[in-house]
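S.K.: Could you have a look at this structure, given as structure tokens, before my questions?
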Amino acid sequence: MADFYQNGIITTLHNIADRPVEELEKELISFSKQRPMGLILPSLYSELEGPALQNIIAELKHVPYLSQITIGLDRADESQYRHALQFFAELDQHHKVLWNDGPRLQALDKELQKLGVAPRELGKGRNVWYCMGYKLATAKVESIALHDCDILTYDRALLARLIYPVAHPRFNYEFCKGFYPRTAEGKINGRVSRLLVTPLLRSFKTILGSSDYLEYMDSFRYPLAGEFSFRRDVLNDIRIPSDWGLEIGVLSEMYRNYSHNRLCQVDIADNYDHKHQDLSLGNQAAGLSKMSIDITKALFRKLATQGVTFTSETIRSLKATYYRIALDFIETYHNDALMNGLTLDIHQEEKAVEMFAQNIMNAGQHFLENPMEAPFVPSWNRVASAMPDVFARLEEAVELDNKDYI
Ligand SMILES: O=C(O)[C@H](O)COP(=O)(O)O
1 MADFYQNGII TTLHNIADRP VEELEKELIS FSKQRPMGLI LPSLYSELEG
51 PALQNIIAEL KHVPYLSQIT IGLDRADESQ YRHALQFFAE LDQHHKVLWN
101 DGPRLQALDK ELQKLGVAPR ELGKGRNVWY CMGYKLATAK VESIALHDCD
151 ILTYDRALLA RLIYPVAHPR FNYEFCKGFY PRTAEGKING RVSRLLVTPL
201 LRSFKTILGS SDYLEYMDSF RYPLAGEFSF RRDVLNDIRI PSDWGLEIGV
251 LSEMYRNYSH NRLCQVDIAD NYDHKHQDLS LGNQAAGLSK MSIDITKALF
301 RKLATQGVTF TSETIRSLKA TYYRIALDFI ETYHNDALMN GLTLDIHQEE
351 KAVEMFAQNI MNAGQHFLEN PMEAPFVPSW NRVASAMPDV FARLEEAVEL
401 DNKDYI
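Residue 406 is where the sequence shown ends in full-length UniProt numbering, and the numbering goes up by one at each step.
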């Protein structure tokens, strides 16, 4: 059972009483009259064949308060798209599948590329961005949740708890981030969140002094959670990174656009497990290694926009500070694991920390050499000004794909 402590500078909504999901859903049905609700599911075709998505759909099927589900489908050829349409047809709610690799959306993407307003990199950020554009295009929902498609521990309560803070008509939150513990098979997971993000934020505070932004980022109990919810107007001027900096980038955008009392985080599950990626030691272009570089670069970039200057010396002392703080954290996590009857492989944890420390140097060096690089996808406001009929065209392309390939 959770406590009710408020850490940091944004509101935390806890799970104090373990309310039955039916009770939450009853309220959500009544909220949906004032604030119709939608869901975004960024998915890879391979996830349709994995163990998680089948259960997610079986759970979602019975969710009574959603009026629109938007699935962004990546890496699917034509026969896989046809199969995906059948797969998602099980949903009772109104839903559409965006075939990101299909000829219609590819043609639109090419035109946006020519105007310089399309995502330059493939990946989850791009997928989410097109789904957000579709939500704006159809204007059917007021409150929207987004979650990953590889959640092995999914149940309907996760979604109900995630969307509640932005769905309640008397709550003023624009954005809400989910949090949970990640454990599986007797082990504590969440390696990048625990061993990179939190110690890195603390190291920035140590070498730069605390700032409102660093305190804000450090307030999130699971900053890398792929689960968040928001009001529709958030979508107009959010600029999201197209790489693994997505989660950090979204939090930073919310910091830039809203005051703290419009943002919150919510306890969405007692436990969470998902598909795990390799550490990818020695390969900066893959797995958690790439993730750690993208995240660190995103933090450098954000701090630079706030007037912080970085030199090779600051980056070296950041790395040294990080390494010490992260090693201390390993001891903390180890003790926490033991007391909970879980295990923590200290050798593996230290290997991860050594790699992250090296990647802080690599990301720092890259940032110093390429200060203008910014893998941001433009806001939809800007896209609409570059191509005024973009929403009508996006909606039409999705409509036709869903009709023609079923
Ligand atoms: O959230 C994280 O830290 C990363 O996604 C890695 O998670 P994992 O250690 O649970 O695979």
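We put the CB at the ideal spot given by N, CA and C, even for glycine.
Just so it is clear, the structure is predicted and the values come from calculations on it, not from any experiment.
Closer than 8 Å: is that where the CB of Asn100 sits relative to any heavy atom of ligand 1?
M.R.: Indexing the sequence shown from 1 puts residue 100 at position 100. Outside the cutoff, so no.
S.K.: Within its chain, find whatever has a CB closer than 6 Å to the CB of Lys302; leave out the 5 residues flanking it on each side and keep chain order.
M.R.: Taking the sequence shown and counting its residues from 1, the one referred to as residue 302 is at position 302. Closer than 6 Å at Cβ, skipping near neighbours: Ser252.
S.K.: Could you tell me the alpha carbon to alpha carbon distance between Ala84 and Asn55, rounded to whole angstroms?
M.R.: The sequence position of residue 84 within the sequence shown is 84, counting from 1. The sequence position of residue 55 within the sequence shown is 55, counting from 1. Going by the C-alpha atoms only, they are around 15 Å apart.
S.K.: Give the list of continuous beta strand (DSSP E) stretches no shorter than 3 residues that lie fully inside the segment 140-214.
M.R.: 143-146, 175-179
S.K.: Decide yes or no for the touch test of the segment 20-37 against the segment 115-127: beta carbon pairs closer than 8 Å, at least 3 of them.
M.R.: As far as the Cβ criterion goes, the segment 20-37 does not touch the segment 115-127, which means the pair count is below three.
S.K.: Measuring straight from C-alpha to C-alpha, what distance separates Asn100 and Lys297?
M.R.: The residue you call residue 100 lines up with position 100 of the sequence shown. The residue you call residue 297 lines up with position 297 of the sequence shown. Cα to Cα, the separation comes out at about 27 Å.
S.K.: Could you tell me whether any non-hydrogen atom of ligand 1 is closer than 8 Å to the CB of Met361?
M.R.: Residue 361 sits at position 361 when you count from the first residue of the sequence shown. No, Cβ of Met361 sits at least 8 Å from all heavy atoms of ligand 1.
S.K.: Taking Val390 as the reference, which of Leu224, Pro169, Ala160, Asp109 has the closest Cα?
M.R.: As a working mapping, residue 390 is identified with position 390 in the sequence shown. Minimum Cα-Cα distance from Val390 among the listed residues Leu224, Pro169, Ala160, Asp109 corresponds to Asp109.
S.K.: Is Ile29 helix, strand or coil when you go by DSSP?
M.R.: Start at 1 with the first residue of the sequence shown, and residue 29 comes out as number 29. Helix at Ile29.
S.K.: What do you reckon, is the C-beta of His147 under 8 Å from a heavy atom of ligand 1?
M.R.: Translated into the one-based positions of the sequence shown, residue 147 becomes position 147. No, since every heavy atom of ligand 1 falls outside the 8 Å radius drawn around the Cβ of His147.
S.K.: Going by DSSP, what residue range makes up the alpha helix (DSSP H) through Pro103?
M.R.: Sequence index remark: in the sequence shown, residue 103 carries index 103 (1-based). Run containing Pro103: 103-114, per the alpha helix (DSSP H) assignment.
S.K.: Please state whether DSSP places Gln306 in a helix, a strand or coil.
M.R.: In the sequence shown, counting from the first residue as 1, residue 306 sits at position 306. The answer is coil: DSSP assigns Gln306 none of H, G, I, E or B.
S.K.: Spell out a yes or no on whether the segment 262-275 and the segment 170-184 are touching, meaning 3 or more CB-CB pairs, one atom from each, closer than 8 Å.
M.R.: yes
S.K.: Label Gly307 either buried or exposed according to how many other C-beta atoms from any shown protein chain fall within 10 Å of its C-beta, with 16 as the threshold for buried.
M.R.: Translated into positions along the sequence shown, residue 307 becomes position 307. So Gly307 counts as exposed.
S.K.: State the DSSP-derived secondary structure class of Trp99, mapped to helix, strand or coil.
M.R.: As a first step, residue 99 must be located in the sequence shown, where it is residue number 99. Looking at Trp99 - three-state DSSP - the assignment turns out to be strand.
S.K.: Roughly how many angstroms separate the alpha carbons of Ser67 and Phe204, rounded to a whole number?
M.R.: Here residue 67 refers to the residue found at position 67 when the sequence shown is read from its first residue. Here residue 204 refers to the residue found at position 204 when the sequence shown is read from its first residue. Spanning the two alpha carbons is a distance of roughly 43 Å.
S.K.: For ligand 2, list every residue whose C-beta falls under 7 Å from any of its heavy atoms, going in chain order.
M.R.: Ligand 2 is not part of this structure, which contains only ligand 1.
S.K.: Taking its Cβ as the centre, do 16 or more other Cβ atoms sit within 10 Å of Phe88, making it buried, or is it exposed?
M.R.: Along the sequence shown, one-based indexing puts residue 88 at 88. Answer is buried; the Cβ neighbour count reaches 16.
S.K.: For Met372, report the span of its alpha helix (DSSP H) as first-last.
M.R.: Residue numbering aside, residue 372 sits at position 372 when the sequence shown is read from its first letter. No alpha helix (DSSP H) holds Met372; DSSP gives it neither H nor E.
S.K.: Determine the DSSP secondary structure at Gly72, reduced to helix, strand or coil.
M.R.: Within the sequence shown, numbered from 1, the residue matching residue 72 stands at position 72. In this structure, Gly72 counts as strand in the three-state DSSP scheme.
S.K.: Shortest alpha-carbon distance to Tyr213 belongs to which of His260, Asp237, Leu224, His95?
M.R.: In the sequence shown, counting from the first residue as 1, residue 213 sits at position 213. If we check each option's Cα against that of Tyr213, His260 comes out closest.
S.K.: Comparing alpha-carbon positions, which option in Leu400, Ile29, Val353 lies nearest Thr321?
M.R.: By one-based count along the sequence shown, residue 321 stands at place 321. Cα-wise, what sits closest to Thr321 is Val353.
S.K.: Report the residue ranges of all beta strand (DSSP E) runs contained in full by the segment 253-295; include only those spanning at least 3 residues, in chain order.
M.R.: 263-267
S.K.: For a test of the three-state rule: what should DSSP assign to Ser385, helix, strand or coil?
M.R.: Locating residue 385 in the sequence shown gives position 385, counting from the first residue. Assignment of Ser385 by DSSP, reduced to helix, strand and coil, places it in the helix class.
S.K.: Report buried or exposed for Asn127, applying the criterion of at least 16 other Cβ atoms within 10 angstroms of its Cβ.
M.R.: Sequence index remark: in the sequence shown, residue 127 carries index 127 (1-based). Classification of Asn127: buried, given that the 10 Å Cβ count is 16 or more.
S.K.: When DSSP builds the beta bridges, which residues end up paired with Ser229?
M.R.: Stepping through the sequence shown from its first residue, residue 229 is reached at position 229. Bridge partners of Ser229: Ala145, Cys176.
S.K.: Output yes or no for whether 9 Å exceeds the beta carbon distance between Ile71 and His94.
M.R.: Walking along the sequence shown from the start, residue 71 turns up at place 71. Walking along the sequence shown from the start, residue 94 turns up at place 94. No.
S.K.: If you pair each beta-carbon of the segment 323-333 with each one of the segment 231-241, do three or more pairs fall below 8 Å?
M.R.: no
S.K.: Work out the CA separation of Asp401 and Gln106 for me, nearest whole Å.
M.R.: Looking up residue 106 in the sequence shown gives position 106. Looking up residue 401 in the sequence shown gives position 401. Near 12 Å, if we compare the C-alpha coordinates of Asp401 and Gln106.
S.K.: Quick check: the segment 139-147 against the segment 161-169, are at least 3 beta-carbon pairs closer than 8 Å?
M.R.: With the cut-off at 8 Å, the segment 161-169 and the segment 139-147 touch.
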